[in-house]
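Colleague:
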Amino acid sequence: MQNFTSSESDTTHFNRTALKSGGFRMKLYEAATFIGTTLARIPALKNEKLRAALNGRGKGIRGWTIGKIDDRPVVMIHVASTGEYEGARPLIERLQESGEVRIAVSFSSPSARPAVEATDGLWAFGFLPMDYLIEQLQLLARLEPMAVLIFKHDFWPNLLRAASALKIPIGLINANFHPKSKRNFPIVKGFHKLFMKHLTFIWTVSQADSDRIEPLLTGRTELAVGGDTRYDRVLRRAELGRERFKTLKAAFGKSKIIVAGSTWPPGEKIVYHAFANLRKSIPELKLLIAPHEPTAEALQRNIDSAEAIGATVIKLSQWNGESIEADVIIIDGMGILADIYTVGWAAYVGGGFGVGVHSVIEPAAHKLPVTFGPHNHVSHEAGLLIKNKGGYLVETTSDLEKLWGNWLADPTEYNYASEAATKVVTNHAGVTEKLMERLNIYLGKGT
């Protein structure tokens, strides 16, 4: 096994061109990475998530959990956070079923760690190191993967350079470059072309994404529409959710449950107001709400909001298994939202008034018509839902109240939106098997 240190690095067996690519601009990038990481230590003193990311990535390969080595080759899969990991799960499970490879998973955000740790059968996992060339070379030399698969868009310049230097195929799966991506801005575009040329392949979620990515590439990178494995995953989660939460669903009786998932304060405001207005004439309506991060502050904020509209409220952890009488139920745990949509009648997905809308296909897989805010350009699937009338953009309390009110008053209109939402998911499923076939050439099984 090769060993890389800052003082010695034998490049005899490397692609020397990849090691030298980027020249002065990559040196500036590494300097900027060092400065940015150093400065980030200040806000990290008060930000636990940032602190965990800096500490985890700062340990490099030393912080990894690695199993016993056997003669099977390694496939390394990289994700940014929990959402991307959910998208990677179908492919991970399919690779595990084959029994022919060991799987290593890297991640950038601490939010992914619990889900990764809970996954049975992984050979290795840990934070992706800080993006210095020497750190990425050390990681890849230790893991010795036959291929590196990055999900969605969390590709790092020196990870790409290191893989290319070691002649390891590296590709993007579920790639999504939204219309407002800064990667095609003139100065940024030139920098991205420096390292994106090291990508072996990019499989996008749509032709439009391929068209936006193509100007950043040289002819050496395979570019194709591959679809999105997340559709396979959310259908599986919907199936699991029906069994997991059947008792909770029964506890709600005949109530109609609005599930508001991954919420932030701006969206919560219109959700509570619309809910309050509708409850005046439809008292059996209930709200199940999941703050994006269920911190003590977020939970208290939602308790206050519920009480402000005169609603009774409990946390889900306080449910005793009997019939639920409370008007508002706050989800105070992590990792269950994709499953718990099964109890719902309609969904609101947060992020659309700020950071960008979160997963809209999770509720759609449960046949829930979906509403979300205007900042949805980063979500290809949000566009599909809008186009097919299974998803609806809302900007005000009035917008949301009108939609929910119409669905309550007209079952035919509701059923149409419900079926349209789930068809978007089912019509785009089946991607995992197709990707397995395409991956064979990079896993030594095809020509």
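Residues in the sequence shown are numbered from 1 upward in steps of one, following my numbering.
Think of the CB as a built atom: it goes at the ideal place given N, C-alpha and C, for glycine as much as any other residue.
With hydrogens ignored, establish whether the beta-carbon of Thr426 is closer than 7 Å to any heavy atom of the ligand NAD.
Modeller: Because no ligand of any kind appears in the structure shown, any question about the ligand NAD cannot be addressed here.
Colleague: To the nearest angstrom, how far is the alpha carbon of Glu144 from that of Ile324?
Modeller: If I take the Cα positions, the gap works out to 53 Å.
Colleague: Between the alpha carbons of Glu97 and Lys434, how many angstroms are there, rounded?
Modeller: Approximately 15 Å between the Cα atoms of the pair.
Colleague: From Ala421 to Ala364, what does the alpha carbon distance come to, in whole angstroms?
Modeller: In a straight line, the C-alpha of Ala421 is about 5 Å away from that of Ala364.
Colleague: If distances are taken between C-alpha atoms only, which option among Leu368, Arg220, Val343 and Pro291 comes closest to Ser255?
Modeller: Per the Cα distances, Val343.
Colleague: Could you give the distance in angstroms between the alpha-carbon of Leu439 and the alpha-carbon of Met146?
Modeller: Straight-line Cα distance between these residues: approximately 11 Å.
Colleague: Applying the criterion that 16 or more other CB atoms from any shown protein chain within 10 Å of the CB defines a buried residue, is Asp232 buried or exposed?
Modeller: It is buried - the Cβ of Asp232 has at least 16 other Cβ atoms within 10 Å.
Colleague: Check whether the stretch 104-122 and the stretch 167-180 are in contact - that is, three or more C-beta pairs closer than 8 Å.
Modeller: These segments do not touch.
Colleague: Start and end of the alpha helix (DSSP H) containing Tyr414?
Modeller: From DSSP, the alpha helix (DSSP H) with Tyr414 extends over Pro411 to Asn427.
Colleague: For Trp203, list the residues DSSP reports as bridge partners.
Modeller: Paired residues: Ile173 and Ala224.
Colleague: By the three-class DSSP mapping on this structure, what secondary structure does Arg72 have?
Modeller: Three-state result, Arg72: coil.
Colleague: In terms of alpha-carbon separation, which member of Arg242, Arg236 and Asn174 lies closest to Ser210?
Modeller: Considering only alpha carbons, the answer is Asn174.
Colleague: For Gly321, is the classification buried or exposed, using 16 other Cβ atoms within 10 angstroms of its Cβ as the cut-off for buried?
Modeller: With fewer than 16 other Cβ atoms within 10 Å, it is exposed.
Colleague: Decide if the stretch 380-388 is in contact with the stretch 353-362; the criterion is three or more beta carbon pairs, one per stretch, under 8 Å apart.
Modeller: Touching, yes, given that three or more Cβ pairs across the two stretches are closer than 8 Å.
Colleague: Out of curiosity, what's the CA-to-CA distance linking Gly126 and Ile61?
Modeller: In a straight line, the C-alpha of Gly126 is about 8 Å away from that of Ile61.
Colleague: Using the beta-carbon count (16 or more within 10 Å), is Arg41 buried or exposed?
Modeller: Arg41 is exposed by the Cβ-count criterion.
Colleague: Between which two residues does the beta strand (DSSP E) harbouring Met146 extend?
Modeller: From DSSP, the beta strand (DSSP E) with Met146 extends over Pro145 to Phe151.
Colleague: State buried or exposed for Arg25, treating a residue as buried only when at least 16 other CB atoms are found within 10 Å of its CB.
Modeller: Counting Cβ neighbours within 10 Å, Arg25 comes out exposed, since fewer than 16 surround it.
Colleague: Would you mind listing the alpha helix (DSSP H) stretches within the stretch 203-275 that are 4+ residues and don't spill past its ends, in chain order?
Modeller: Whole alpha helix (DSSP H) segments, 4+ residues: 207-213, 230-244 and 246-251.
Colleague: Can you give the Cα-Cα distance for Trp203 and Lys387, rounded to whole angstroms?
Modeller: One C-alpha to the other measures close to 23 Å.
Colleague: What do you get for Met334, buried or exposed, if any count of 16 or more other CB atoms within 10 angstroms of its CB means buried?
Modeller: Label assigned to Met334: exposed.
Colleague: Counting pairs of Cβ atoms below 8 Å between the stretch 391-410 and the stretch 274-283, do you hit three or more?
Modeller: Flag = yes, the stretch 391-410 and the stretch 274-283 touch.
Colleague: Counting C-beta neighbours from all protein chains within 10 Å, is the total for Arg102 16 or more, i.e. buried, or is it exposed?
Modeller: Under this definition Arg102 is a buried residue.
Colleague: Apart from the five residues on each side of it in sequence, which residues of its chain come closer than 6 Å, Cβ to Cβ, to Ala224?
Modeller: Here the set comprises Trp203.
Colleague: Leaving out five residues before and five after Ile331 in sequence, what residues of the same chain have Cβ atoms less than 6 Å from its Cβ?
Modeller: Hits under 6 Å: Ala290 and Leu316.
Colleague: For Leu443, does the three-state DSSP call read helix, strand or coil?
Modeller: Coil, per DSSP.
Colleague: Taking the alpha carbon of Ile258 as the point to measure from, which residue in Pro266, Pro157, Pro73 and Leu287 has its own alpha carbon closest?
Modeller: Ranking Pro266, Pro157, Pro73 and Leu287 by Cα distance to Ile258 puts Leu287 first.
Colleague: For Asn376, count the other beta carbons within 10 Å of its own beta carbon; 16 or more makes it buried, fewer makes it exposed. Which is it?
Modeller: Buried, because 16 or more other Cβ atoms sit within 10 Å of the Cβ of Asn376.
Colleague: Is the CB-CB distance between Val105 and Leu122 below 8 Å?
Modeller: Cβ atoms of Val105 and Leu122: closer than 8 Å.
Colleague: Decide if Thr263 is buried, meaning its Cβ has at least 16 other Cβ atoms within 10 Å, or exposed.
Modeller: Result: buried.
Colleague: Excluding the 5 residues flanking Ala52 on each side, which residues of the same chain have their C-beta closer than 7 Å to its C-beta?
Modeller: Closer than 7 Å at Cβ, skipping near neighbours: Pro110.
Colleague: Count the CB pairs spanning the stretch 157-175 and the stretch 193-201 that are closer than 8 Å, and state whether there are at least three.
Modeller: Verdict: yes, contact present.
Colleague: Going straight from the alpha carbon of Glu437 to that of Asp154, what length do you get?
Modeller: Rounded to whole angstroms, Glu437 to Asp154 spans 24 Å at the Cα level.
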